[in-house]
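Before any comments, here is the structure.
Protein chains: 4
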Amino acid sequence: MNLDALDTVDTRDPVLKDLIHKGQVTDPHSAKGKLMRAAAHLFKSKGYERTTVRELGAAVGIQSGSLFHHFKSKEEILLAVMEETIIINMARMNAALSDSKDAGEKLHALIRCELDSVHTDTGEAMSVLVYEWRSLSPDKQKYVLQLRDEYETLWLNTIEECKQQGLIQHDAFILRRLLTGAIGWTTTWYRPDGNLSLEDLAKQTLLLAIK
Amino acid sequence: MNLDALDTVDTRDPVLKDLIHKGQVTDPHSAKGKLMRAAAHLFKSKGYERTTVRELGAAVGIQSGSLFHHFKSKEEILLAVMEETIIINMARMNAALSDSKDAGEKLHALIRCELDSVHTDTGEAMSVLVYEWRSLSPDKQKYVLQLRDEYETLWLNTIEECKQQGLIQHDAFILRRLLTGAIGWTTTWYRPDGNLSLEDLAKQTLLLAIK
Amino acid sequence: MNLDALDTVDTRDPVLKDLIHKGQVTDPHSAKGKLMRAAAHLFKSKGYERTTVRELGAAVGIQSGSLFHHFKSKEEILLAVMEETIIINMARMNAALSDSKDAGEKLHALIRCELDSVHTDTGEAMSVLVYEWRSLSPDKQKYVLQLRDEYETLWLNTIEECKQQGLIQHDAFILRRLLTGAIGWTTTWYRPDGNLSLEDLAKQTLLLAIK
Amino acid sequence: MNLDALDTVDTRDPVLKDLIHKGQVTDPHSAKGKLMRAAAHLFKSKGYERTTVRELGAAVGIQSGSLFHHFKSKEEILLAVMEETIIINMARMNAALSDSKDAGEKLHALIRCELDSVHTDTGEAMSVLVYEWRSLSPDKQKYVLQLRDEYETLWLNTIEECKQQGLIQHDAFILRRLLTGAIGWTTTWYRPDGNLSLEDLAKQTLLLAIK
DNA sequence: CATGAATGAGCTTTCATTCAT
DNA sequence: CATGAATGAAAGCTCATTCAT
Numbered sequence: 001m002n003l004d005a006l007d008t009v010d011t012r013d014p015v016l017k018d019l020i021h022k023g024q025v026t027d028p029h030s031a032k033g034k035l036m037r038a039a040a041h042l043f044k045s046k047g048y049e050r051t052t053v054r055e056l057g058a059a060v061g062i063q064s065g066s067l068f069h070h071f072k073s074k075e076e077i078l079l080a081v082m083e084e085t086i087i088i089n090m091a092r093m094n095a096a097l098s099d100s101k102d103a104g105e106k107l108h109a110l111i112r113c114e115l116d117s118v119h120t121d122t123g124e125a126m127s128v129l130v131y132e133w134r135s136l137s138p139d140k141q142k143y144v145l146q147l148r149d150e151y152e153t154l155w156l157n158t159i160e161e162c163k164q165q166g167l168i169q170h171d172a173f174i175l176r177r178l179l180t181g182a183i184g185w186t187t188t189w190y191r192p193d194g195n196l197s198l199e200d201l202a203k204q205t206l207l208l209a210i211k
Numbered sequence: 001m002n003l004d005a006l007d008t009v010d011t012r013d014p015v016l017k018d019l020i021h022k023g024q025v026t027d028p029h030s031a032k033g034k035l036m037r038a039a040a041h042l043f044k045s046k047g048y049e050r051t052t053v054r055e056l057g058a059a060v061g062i063q064s065g066s067l068f069h070h071f072k073s074k075e076e077i078l079l080a081v082m083e084e085t086i087i088i089n090m091a092r093m094n095a096a097l098s099d100s101k102d103a104g105e106k107l108h109a110l111i112r113c114e115l116d117s118v119h120t121d122t123g124e125a126m127s128v129l130v131y132e133w134r135s136l137s138p139d140k141q142k143y144v145l146q147l148r149d150e151y152e153t154l155w156l157n158t159i160e161e162c163k164q165q166g167l168i169q170h171d172a173f174i175l176r177r178l179l180t181g182a183i184g185w186t187t188t189w190y191r192p193d194g195n196l197s198l199e200d201l202a203k204q205t206l207l208l209a210i211k
Numbered sequence: 001m002n003l004d005a006l007d008t009v010d011t012r013d014p015v016l017k018d019l020i021h022k023g024q025v026t027d028p029h030s031a032k033g034k035l036m037r038a039a040a041h042l043f044k045s046k047g048y049e050r051t052t053v054r055e056l057g058a059a060v061g062i063q064s065g066s067l068f069h070h071f072k073s074k075e076e077i078l079l080a081v082m083e084e085t086i087i088i089n090m091a092r093m094n095a096a097l098s099d100s101k102d103a104g105e106k107l108h109a110l111i112r113c114e115l116d117s118v119h120t121d122t123g124e125a126m127s128v129l130v131y132e133w134r135s136l137s138p139d140k141q142k143y144v145l146q147l148r149d150e151y152e153t154l155w156l157n158t159i160e161e162c163k164q165q166g167l168i169q170h171d172a173f174i175l176r177r178l179l180t181g182a183i184g185w186t187t188t189w190y191r192p193d194g195n196l197s198l199e200d201l202a203k204q205t206l207l208l209a210i211k
Numbered sequence: 001m002n003l004d005a006l007d008t009v010d011t012r013d014p015v016l017k018d019l020i021h022k023g024q025v026t027d028p029h030s031a032k033g034k035l036m037r038a039a040a041h042l043f044k045s046k047g048y049e050r051t052t053v054r055e056l057g058a059a060v061g062i063q064s065g066s067l068f069h070h071f072k073s074k075e076e077i078l079l080a081v082m083e084e085t086i087i088i089n090m091a092r093m094n095a096a097l098s099d100s101k102d103a104g105e106k107l108h109a110l111i112r113c114e115l116d117s118v119h120t121d122t123g124e125a126m127s128v129l130v131y132e133w134r135s136l137s138p139d140k141q142k143y144v145l146q147l148r149d150e151y152e153t154l155w156l157n158t159i160e161e162c163k164q165q166g167l168i169q170h171d172a173f174i175l176r177r178l179l180t181g182a183i184g185w186t187t188t189w190y191r192p193d194g195n196l197s198l199e200d201l202a203k204q205t206l207l208l209a210i211k
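Put into structure tokens, the structure is as follows:
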């Protein structure tokens, strides 16, 4: 696996830099950080259950037993991947929102941001967040759910704002759910190296809500 | 688990009746059919990997070893569930299309049909089709993919027709992908016993494509 | 290991026969029963912690994984060994008591019975009961303790009876504890194939209490 | 764990002081000495196998890796605990014997001394000596056995002396074994903070041998 | 067809021990 | 001397699959 290609975390991103500096996100150059990236990659491509701790170790060049210096259990690795992904993307989303002027622009920014999150550096981790949900114990599911709720509030507020300005006909809650599905599913078919740019994809997605 | 409630296959459906009669779909009242329904339920709620053959056996009142008289392997059960689900829903979709007059009505019918497929009798099996994809061996993935391609052609043709009539602005291929995601994701949040009817949901979904 | 030698359970013993028949004790000729005997042997000679499930399996000619058809966990094997040992010996002790006429004879019978229990068929299991106590989880300790309490009551009642007849000077509770230690410790030094018969040893032990 | 309470080695004891001074026993205030006391405590309460080097380290405030600067292996710690315990108690026993006038008094002194050894400062280490015996490698078992033999000779000589004076009816060797068991077992039930004093317990124990 | 004991490979995790810093 | 990351062997246990009955 080439960890230095597309999947490398973009540490030039000032938002991410800040999170690492504040200790809310593991430094991607540390052993732990590398492990989490490798885990996101393997969990996405093989699934959590089918990924063994031996593979996880091999991916970062250590023995399986050594993993347990960094994480108490395999499940803790999954949790950490999910947790940090939400934290990073929520921070990015907040930054994007504060750069936007009107409601339509805000919705565009959120869509672009979520497409970025599933197709750039945190893409694999986002997939894991969606598809490996049931592999978490109920306790941990509850915890991650709390984080997601904060994230969803950003969306609902923005859609509501668009609606008050007559830009949107849908029920806000339903629209958000439909968009979540539409955007999430792009991981299964969109290829960043094809003809369609992420910005074009964002525009087509916005077109679902606003005509 | 109550196999006789909502989740029971609707054998009054003439399309399904016909498929069973032609031997293309296993009789849901046979031992094999019951097993497949139980499998769909367990695979959906627990995930394929986390479902053991013991549980599968217990769900239909036999020992794990006896499963292997009906299916060569656990994976064959997964495959059978996926295969029949596609066959059933493709037949239903063809039936719905032939009942529709114009292009807009056809698109509406497809959306309603796919929502039905994920929220009524084949709902759990459809979820399995989406979420347990990677649990199939490459060979079997390829086979199921062929079946899906036929199914997708129905969609693309209909969307193209709408576009030629100026009903749709999107690129057909992209719209289909976005709708696939939006509809599939409803399994995670839509509750048939809530305020929103499936027909209302279909209308809100259609609104993504046609305003 | 020769399971057919000294350590074989004496199935001619009518008391044991009855317990097996009533289902309170596992048939020593069944797979489960053989496993328990092998476990008692290994747990005694190597200690519970140092005995691996692989060794346990090898001792009865099966794979380690197959153990878990008979017992849910390694600890369950330990518990079963302890439990049945107490049940068997309590039954034997009750039988011996009902054969005795006066209090002194009863005490003699109890001592002989306990010496038998640690030096004949259940000997290894008795050792396990004493030495592997801490390897049980607190829950299971509590359960075994209850069984032991019934057993101890037989002793205390008999000693008290002796005391009322002026045969004994000791405090009953303390004497029982001292005798428990003295008898239990014989496992570490007494050899049944030496000069000293078990009956002689019983007499010397009785001499600690009654002169 | 409070190492400074009851369990502290009694360094006012002149016999112990002398052994430390002669270098036969580790200074209990040194790092190594503290470790040995902590080990005795943990080995007694959890068992040798279930005590990890991490816990051992934590108990004296160092990392597990640092233990190996003081001891070559975990087993060496066990050996050291056993070895010093025998040395200390043999010295104390010799001192007690030389304070006694007649044979009966000597036997009383030995019993009291051994009860002290299992219930005061070396108590936990003595338990370890008895219960963790099998955790030693055969080589080390042999070595500790030699030390024990010297210790046992003191007992046998004293009992023989009593017997020649008609104080005792038992066979000397058997009596010693019975007493070893009776005294050793007191660790499982005797509580120094209860109604029974150690001196009373010693008298009741002497009563087993001499009436 | 059904059973259920057995397989055997593979799993996650533990842990004494090593060693560069 | 102390650290703590890493080792690597071994542990208990799981589970799809087989097969004699």
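Protein chains in written order, with UniProt numbering: chain A, 1 to 211; chain B, 1 to 211; chain C, 1 to 211; chain D, 1 to 211. Yeah, the Cβ is synthetic: ideal placement off N, Cα and C, and Gly gets one too.
| query | Taking the continuous alpha helix (DSSP H) assigned at T85(C), which residues delimit it? | reply | 74-98
| message | Let's see if you can read the secondary structure: which residues bound the alpha helix (DSSP H) around L19(B)? | response | 14-21
| message | Cβ closer than 9 Å: which chain C residues qualify as neighbours of T180(D)? | response | G181, A182, W185, T188, W189
| field | Candidates L78(C), R37(C), S135(C): closest to S45(D) by CA position | value | S135(C)
| field | Neighbouring residues, chain B, relative to Q169(A) (Cβ below 8 Å) | value | L207, K211
| task | Could you tell me the distance, in whole angstroms, from the CA atom of residue 235(C) to the CA atom of E132(C)? | result | The requested residue 235(C) is not part of the displayed model; chain C covers only 1 to 211.
| field | Unbroken alpha helix (DSSP H) run spanning W155(C), endpoints | value | 138-164
| request: Please report how far the alpha carbon of I111(A) lies from the alpha carbon of L201(A), in whole angstroms. | output: 9 Å
| request: Identify the contact partners of G47(B) in chain A, using a Cβ-Cβ distance below 8 Å as the criterion. | output: E49, R134, S135
| message | Which residues of the region 96-119 of chain B have a Cβ closer than 9 Å to any Cβ of chain A? Give them in chain order. | response | none
| query | Listing by chain order, which chain B residues have their CB less than 9 Å from the CB of R177(A)? | reply | A182, W185, T186, T188, W189, Y190
| query | With DSSP run on the structure shown, which of helix, strand or coil describes Y131(B)? | reply | helix
| said: By the three-class DSSP mapping on this structure, what secondary structure does I168(C) have? | reply: coil
| message | Quick check on the burial criterion: 16 or more other C-beta atoms within 10 angstroms. Buried or exposed for N2(B)? | response | Annotation note: pLDDT 41 at N2(B) (below 50); position unreliable, no value reported.
| message | Closest to L198(C) by C-alpha separation, out of M90(C), H170(C), E114(C), would be which residue? | response | E114(C)
| query | Out of S100(D), P138(D), K106(D), N89(D), which has the shortest C-alpha to C-alpha gap to E124(D)? | reply | N89(D)
| message | When you compare the region 162-173 of chain C with the region 158-174 of chain D, are there three or more beta-carbon pairs, one atom per stretch, that lie closer than 8 Å? | response | no
| said: With a threshold of 8 Å between beta carbons, is Y131(D) in contact with chain C? | reply: yes
| field | P138(B) versus Y151(B): straight-line alpha-carbon distance, rounded | value | 20 Å
| Going along the chain, which residues of its own chain have a beta-carbon closer than 6 Å to the beta-carbon of M82(B), five neighbours each way excluded? | L129, V144
| said: The alpha helix (DSSP H) that contains G104(A), what's its start and end? | reply: 103-119
| query | In chain order, what residues of the same chain have a beta carbon less than 8 Å from the beta carbon of I87(B), not counting five sequence neighbours either side? | reply | L19, Q24, V25, L147
| request: Spell out whether any CB of chain B is found under 8 Å from the CB atom of I77(A). | output: no
| said: When you compare the CB of Q165(C) with every CB in chain D, is at least one pair closer than 8 Å? | reply: no
| request: Under 8 Å between beta-carbons, which chain B residues line up against Q24(A)? List them in chain order, please. | output: By Cβ distance, chain B contributes nothing, its closest Cβ being about 27 Å from Q24(A), past 8 Å.
| said: For a quick check, are the C-beta atoms of L208(C) and L178(D) less than 8 Å apart? | reply: yes
| Among S127(D), T187(D), W185(D), which one has its Cα closest to the Cα of R37(D)? | S127(D)
| task | Using alpha carbons as the reference points, say which of L78(D), L154(D), W189(D), G33(D) lies closest to V53(D). | result | L78(D)
| query | Along chain A, in chain order, which residues have C-beta atoms closer than 7 Å to that of Q63(B)? | reply | Within 7 Å Cβ-Cβ: nothing; Q63(B) doesn't reach chain A, min ~24 Å.
| query | Within this structure, are the beta carbons of A80(A) and F71(A) separated by less than 8 Å? | reply | yes
| What does I174(D) touch in chain C if you count any residue whose Cβ is under 8 Å from its own? | L196, L201, Q204
| request: Give the range of the alpha helix (DSSP H) segment to which V53(D) is assigned. | output: 53-60
| query | Taking the C-alpha atoms as reference points, what is the distance between L35(A) and H108(B)? | reply | 47 Å
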